[in-house]
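**Q** Structure provided below as structure tokens; questions to follow.
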Amino acid sequence: MTPVSELRIEKCNGHPVNPDGRYVIYWMIANRRTAYNFSLQRAVEWAKELDRPLLVFEALRCGYQWASDRIHRFVIEGMVVNRQRLKEKGVFSYHYLEPEKGGGKGLLAALAQDACVVVTDDFPCFFLPRMLNSAAGQLPVLLEKVDSNGILPLAWTDRVFTTAASFRRYLQKNLDPHLYSFPEADPLQDAATTLPTLESLPKPITDKWPRMHHLERGSETIDLRELPIDHSVAPVKTVGGAAEAEKRLKRFVEEILPAYDEYRNHPDEEASSGLSPYLHFGHISAHGVLAAVAAAEDWTPDRVAPSATGKREGWWGMSANAEAFLDQLITWRELGYNMCRNRTDYDHFDSLPDWARTTLARHEHDVRPYIYTSGELERAETHDELWNAAQRQLIREGTIHNYLRMLWGKKILEWSTSPKEALRVMIELNNKYALDGRNPNSYCGIFWILGRYDRAWGPERPIFGKIRYMSSDSARKKLRLKRFLGR
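Just remember that the numbering used here sits 818 ahead of the position in the sequence shown, which is counted from 1.
The structure is reproduced here in structure tokens:
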């Protein structure tokens, strides 16, 4: 097993490793999977070096913002898969579902009393950075966080990129060595024969914080109505977990990718990968997705172009369809991670570029032909059939077609009392209903609506100023929408 690069590892506190501990803990919080996971791989490294069992601890809080039946069900479905896969590998796992806000307080610290070291996931968004900072001061041993977010390590640069083109050019200059440094496809491949076995945890811990034994019977055995979360946001048909993510990836590569570039913008064709929720919750990794695309293309890293042009096509040495998809998976996705990693105000209006804030301020008091309340927007009660359909898709399916997501945001800007109110509504609706909300990529898309990563456009328009304009009429002319609207 190749050691995890130091670029991807960061110490969260100054405590030493405890060589007398009973086990190594992997605290699974963002990379909720057992494959292509640098964090899990790092924990295995520690367990082998110290000759200690590995304990995988995966929990789900109920007190986070936007906690709902939808999000909980999706995560729990992933926990079911993780428990089974860890059991098959002979690794002891402890899955905990918080029954009330604060119910899990102290559990990690209690587990860490007998730990040699705790390894966790580096995720630069939502409440996770604050949670790690808090945990670092409470644990008696070393806490390491490991970056398994994307192909380019987050620590590779502290530069904040202002356009996709500049980031793409940077990637083309710097990505090559990281294409040879993937995480292990199965970091637990030999765990059953090389790691000691952990049989149990102290009874005071398991009595106070009961393990989710009923995961063996499936996620549907858990009554979400008993939890203090938002029950108005119902679960969707999309099933969570690594197994379903892998099925979707296989179908995408075999059936959709060959015509991806031609059909992806047309809602009727349903030609998106559908992987965004699984990437967000860590049920699948960007490395695993790239590996599958590379295998389908019979591609190796030595085929990348020797020079960086910043163009969307031509650098990878793959088909146009594969390169269009990888531009979404790597350029645009990791652009959002770059922002969240390097700016703590990534979700604030004032983080927009100066030109965008200036033009929006100049037109803030322009007369709006329509103004809708946040409630009317949430209920899809506007005059615009296409916008209503996009919002209903978000409510019912937990996603919006990627092209229509841009139109969705542009109309919210047009129909809100101010740009700041539009931003608030977009964040609230997206994070409440979208399975892939609360993610750097989500904030990348929302803030693009208001000018981040874009340029000034002319002619200058009411309300929008120099912000890029989009209309439902134009979308109807460009896109195939009949089946989408019917659904």
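We put the beta carbon where it would ideally sit given N, CA and C, even for glycine.
Please list the segments of the beta strand (DSSP E) lying wholly inside the region 835 to 917, counting only runs of 3 or more residues, in order along the chain.
**A** Listed in chain order, they are 841 to 846, 872 to 878, 910 to 915.
**Q** Can you tell me whether residue 939 is helix, strand or coil according to DSSP?
**A** The sequence position of residue 939 within the sequence shown is 121, counting from 1. Of the three classes helix, strand and coil, the one that applies to residue 939 here is strand, per DSSP.
**Q** In angstroms, rounded to a whole number, what distance separates the CA positions of residue 1052 and residue 822?
**A** To locate residue 1052, count along the sequence shown from 1; it is residue 234. To locate residue 822, count along the sequence shown from 1; it is residue 4. Cα to Cα, the separation comes out at about 39 Å.
**Q** Would you report the Cα separation of residue 968 and residue 1252, rounded to the nearest angstrom?
**A** One-based indexing of the sequence shown puts residue 968 at position 150. One-based indexing of the sequence shown puts residue 1252 at position 434. Those two C-alpha atoms are separated by around 21 Å.
**Q** Nearest to residue 1263 by CA position, among 972, 1205, 929, 982, is which residue?
**A** Sequence index remark: in the sequence shown, residue 1263 carries index 445 (1-based). Measuring from the Cα of residue 1263, the nearest candidate turns out to be 982.
**Q** How far does the beta strand (DSSP E) with residue 784 in it reach, from first residue to last?
**A** In this structure the chain extends from 819 to 1305, so residue 784 is not present and cannot be described.
**Q** Run through DSSP, which three-state label would residue 1283 get?
**A** As a position in the sequence shown, residue 1283 is number 465, starting the count at 1. DSSP places residue 1283 in strand when its eight states are reduced to three.
**Q** Whole angstroms are fine: how far does the CA of residue 1239 sit from the CA of residue 1165?
**A** For the purposes of this step, residue 1165 is taken as the residue at position 347 of the sequence shown. For the purposes of this step, residue 1239 is taken as the residue at position 421 of the sequence shown. Going from the Cα of residue 1165 to the Cα of residue 1239 covers about 13 Å.
**Q** So, helix, strand or coil for residue 933, using DSSP?
**A** Counting from one through the sequence shown, the residue named residue 933 turns up at place 115. Reduced to three states, the DSSP call for residue 933 is strand.
**Q** Using 8 Å as the threshold, is the region 992 to 1004 in touch with the region 1092 to 1109, meaning 3 or more CB pairs across them?
**A** With a cut-off of 8 Å, the region 1092 to 1109 and the region 992 to 1004 count as touching, because enough Cβ pairs lie within range.
**Q** When DSSP labels each residue in this structure, what does residue 970 get in the three-state scheme?
**A** In the sequence shown, residue 970 corresponds to position 152, counting from 1. Note: residue 970 maps to coil in three-state DSSP.
**Q** Is DSSP giving residue 1164 helix, strand or coil here?
**A** In the sequence shown, residue 1164 corresponds to position 346, counting from 1. Residue 1164 falls in the coil class under three-state DSSP.
**Q** Using only alpha-carbon positions, find the residue among 991, 1174, 1234 that is nearest to residue 1272.
**A** Looking up residue 1272 in the sequence shown gives position 454. Residue 1174 is the option with its Cα nearest to residue 1272.
**Q** Please confirm whether residue 1302 and residue 1198 have their CB atoms less than 8 Å apart.
**A** Locating residue 1302 in the sequence shown gives position 484, counting from the first residue. Locating residue 1198 in the sequence shown gives position 380, counting from the first residue. Their beta carbons are not under 8 Å apart, which means residue 1302 does not touch residue 1198 by this criterion.
**Q** Name the DSSP beta bridge partners of residue 964, please?
**A** Taking the sequence shown and counting its residues from 1, one reaches residue 964 at position 146. Beta-bridge pairing links residue 964 to 827, 939.
**Q** To test your reading of the DSSP string, which unbroken alpha helix (DSSP H) runs of 4 or more residues are found completely within the region 1167 to 1191?
**A** Taking only runs of at least 4 residues, the alpha helix (DSSP H) segments lying wholly in the region 1167 to 1191 are 1172 to 1180.
**Q** Compare the C-alpha of residue 1202 against each of 1230, 874, 1270 and name the closest.
**A** The count along the sequence shown starts at 1 and reaches residue 1202 at position 384. Of the listed residues, the one whose Cα sits closest to residue 1202 is 1230.
**Q** Give the secondary structure of residue 1272 by DSSP, where H, G and I count as helix, E and B as strand, and everything else as coil.
**A** For the purposes of this step, residue 1272 is taken as the residue at position 454 of the sequence shown. Coil at residue 1272, not helix or strand.
**Q** For residue 976, tell me which candidate among 1243, 1161, 865, 1277 has the shortest Cα-Cα distance.
**A** Mapped onto the sequence shown, residue 976 falls at position 158. The option with the nearest alpha carbon to residue 976 is 1161.
**Q** Comparing C-alpha positions only, which one of 1270, 915, 1176 sits nearest to residue 1278?
**A** Position 460 of the sequence shown, counted from the first residue, corresponds to residue 1278. That would be 1176, whose Cα lies nearest to the Cα of residue 1278.
**Q** Taking CB distances under 8 Å as the criterion, tell me whether residue 1080 reaches chain B.
**A** Absent from the structure is chain B; it holds one protein chain and no more.
**Q** Are residue 1135 and residue 1126 close, meaning C-beta to C-beta below 8 Å?
**A** Start at 1 with the first residue of the sequence shown, and residue 1135 comes out as number 317. Start at 1 with the first residue of the sequence shown, and residue 1126 comes out as number 308. The answer is no: Cβ separation not under 8 Å.
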